[in-house]
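Heads up: the sequence shown begins at 4 in my numbering, then just goes up one per residue.
Where is the CB? At the ideal position from N, CA and C, for every residue including glycine.
Structure, as structure tokens:
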Amino acid sequence: MPTDIAFLAIAEAQQLYHWLPAALELARRPGVRVSVLSPSDQLLALVASYDPQGILRPVRLRRPPSRPDSLFRQPSRLATLLLNYATIARFPTLVTTEISSAWLRRVPGFTSHLILIKHGAGDREGGYKKRHADFDLTLVAGEKDRRRMIDRGLCTPEAIAVGGYAKFELKAPRQRYFYNDDPVLLYNPHFDPALSSWVNHGPAILASLESLTGWNVIIAPHTKLARAAAPIVSHAPHIRVDMGSRHSIDMSYTMSADVYLGDVSSQVYEFLLHPRPCIFLNLDHRDGAGDAFAHWRLGQVIDSADALPQALARATGLQPGFVAAQEAAMQESINLSLVPASQRQADLILNFAQTSHPAKS
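Next comes the structure, spelled out in structure tokens:
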């Protein structure tokens, strides 16, 4: 009998890149059958675009009433889980990147093992929820997250492992988005209204970006912000706005930019796969202490949108002073082993699936 492992694709498309490499790696191994469960034809099509040999088994879940199918708008996760419980629960091992699946634990008789691949490698406290404790095994990108999960009582040391950041294996190449050779600034605001630079200061930031000379600008907010906020519109010829496309989630922009501008998004760590200048917006004048702002040590921090031109002018000259901190932060946040993350994650998942004890009741 094959080892049956199912990946739950019930979240928005940006999370797909964190589990898909491991799913593909597992499906190549003898005696393993990997299914992908999703209520979205568009998500399953995106998966298939990375699986030309068709080694993954797509399972189209019933779709709760919702808006039209979209990569960035999925139906209620809880409704999807309940509507498809019988299909989902027949798989002995379920892998996911979102914590809503922990609600399955509340259904009497549920016996499947739940494995979480924690998506992202950021610093804000919103990445740590009580439901994280409901998973049998959690895989994180680096030692930073492993330590924080244990310190917060969300995992025992035996139930969490560092598996690396498999999304890097699907990253898009550097691309040219403008018709000149000016350097490219990527502005990537987060969606959390309590921390996002855009939510409270959007007009001032846009005005500063539009007034820049000698720079091209990509504005690519986190897809959750792009979904919730009014569309960002600019007619400036040096500005490209992306409110949600494949480019905004496959690292096209983080690989193609020369300078990063943001607030608390974990995408800064994707940008720092290759150390480059970073600028962080502290327009609400926070003290910057605590884990949520740990990455602010990796570049300039400015407290006014008007200060952006001067920060950009200094960025190249100041960058050598930030390289050591950027490399150390990356080593803590994302374990970059010579062994690909997809292989490490697949080993951990398969070993757990084949040797684990009965699921928690």
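Pairwise C-alpha distance: residue j and residue i
i      : j      : result
Lys147 : Gly293 : 14 angstroms
Thr319 : Leu142 : 36 angstroms
Gly247 : Leu189 : 15 angstroms
Tyr131 : Ala231 : 22 angstroms
Met258 : Phe274 : 7 angstroms
Pro206 : Tyr53  : 38 angstroms
Tyr256 : Ile221 : 8 angstroms
Phe325 : Arg279 : 9 angstroms
Ala124 : Asp266 : 14 angstroms
Glu161 : Ala310 : 47 angstroms
Pro186 : His193 : 23 angstroms
Lys363 : Leu353 : In this prediction, Lys363 scores a pLDDT of 40, lower than 50, which makes its location untrustworthy; the coordinate-derived value is nonetheless stated afterwards. Rounded to the nearest angstrom, the two C-alpha atoms are 18 angstroms apart.
Tyr20  : Ile242 : 27 angstroms
Ile305 : Tyr180 : 27 angstroms
Lys301 : Leu321 : Lys is not the amino acid found at residue 301; the sequence shown has Leu there. Using only the alpha carbons, I get a separation of about 11 angstroms.
Ala89  : His225 : 33 angstroms
Gln329 : Pro323 : 10 angstroms
Ser251 : Ala223 : 6 angstroms
Ala229 : Thr114 : 37 angstroms
Pick from the options that is closest to residue i, judged by C-alpha positions
i      : options                           : result
Ser41  : Arg150, Thr100 and Thr6           : Thr100
Lys133 : Asp266, Arg36, Met152 and Val267  : Met152
Thr6   : Arg65, Ala51, Pro95 and Ser52     : Pro95
Arg177 : Gln270, Ala229, Asp261 and His116 : Asp261
Asp287 : Leu264, Leu315 and Val202         : Val202
Gln18  : Lys227, Val326 and Asp266         : Lys227
Ser268 : Ala310, Pro196 and His241         : Pro196
Gln77  : Gln270, Glu335 and Leu47          : Leu47
Gln348 : Glu28, Ala12, Ala16 and Met4      : Glu28
Ile102 : Arg149, Leu157 and Arg150         : Leu157
Leu339 : Cys281, Gly34, Val165 and Arg150  : Val165
Ser211 : Arg66, His250 and Ala314          : Ala314
Arg60  : Ala12, Asn87, Ala89 and Ala105    : Ala12
Tyr182 : Asp154, Ala169 and Gly217         : Gly217
Ala240 : His250, Ser214, Ser251 and Ala223 : Reading off the sequence, residue 240 comes out as Pro, not Ala. With distances taken between Cα atoms, Pro240 lies closest to Ser214.
Arg149 : Ala328, Ile337 and Asn87          : Ile337
Arg317 : Ala328, Cys281 and Ala327         : Cys281
Ser200 : His135, Leu321, Phe283 and Arg179 : Phe283
Arg70  : Asn87, Asp184 and Ser43           : Ser43
Thr358 : His116, Gln270, Pro111 and Ile58  : His116
Phe10  : Ile118, Arg32, His250 and Asp245  : Ile118
Arg66  : Ser251, Asn87 and Leu198          : Asn87
Residue i vs residue j beta-carbon contact at 8 angstroms
i      : j      : result
Gly167 : Ala356 : no
Ala331 : His298 : no
Val22  : Ile120 : Checking the sequence, you will find Trp at residue 22 rather than Val. Closer than 8 angstroms, so yes.
Leu64  : Thr83  : yes
Ile8   : Val35  : yes
Asp139 : Ala105 : no
Asn191 : Tyr272 : no
Ala16  : Leu49  : yes
Exposed unless 16 or more other CB atoms sit within 10 angstroms - verdict on residue i
i      : result
Arg80  : buried
Pro234 : exposed
Gln303 : buried
Asn219 : buried
Pro68  : exposed
His238 : exposed
Asp154 : exposed
Val98  : buried
Pro24  : buried
Ala14  : buried
Gln56  : exposed
Gln334 : exposed
Asp290 : exposed
Leu341 : exposed
Asp245 : buried
Neighbourhood of residue i by C-beta distance below 7 angstroms, restricted to the same chain and skipping five residues each side
i      : result
Leu276 : Phe171
Gln45  : Asp72, Ser73 and Leu74
Leu173 : Tyr20, Leu23, Pro24, Tyr53 and Asp253
Met4   : none
His204 : Leu286 and Ala308
Same chain, Cβ closer than 6 angstroms to residue i, five either side skipped, listed in chain order
i      : result
Ile208 : Ala308
Asp126 : Asp294, Ala295, Ala297 and His298
Pro361 : Since pLDDT at Pro361 reaches only 42, below the 50 mark, its modelled position is unreliable, and no value is offered.
Asp253 : Ala175
Asn285 : Val304 and Asp306
Sequence-distant residues of the same chain with beta carbon closer than 8 angstroms to residue i, five excluded per side
i      : result
Leu351 : Leu140, Leu142, Ala164 and Gly166
Closer than 7 angstroms: residue i CB and nearest the ligand NAP heavy atom
i     : result
Ser52 : Although the ligand NAP was asked about, the structure shown includes no ligands whatsoever.
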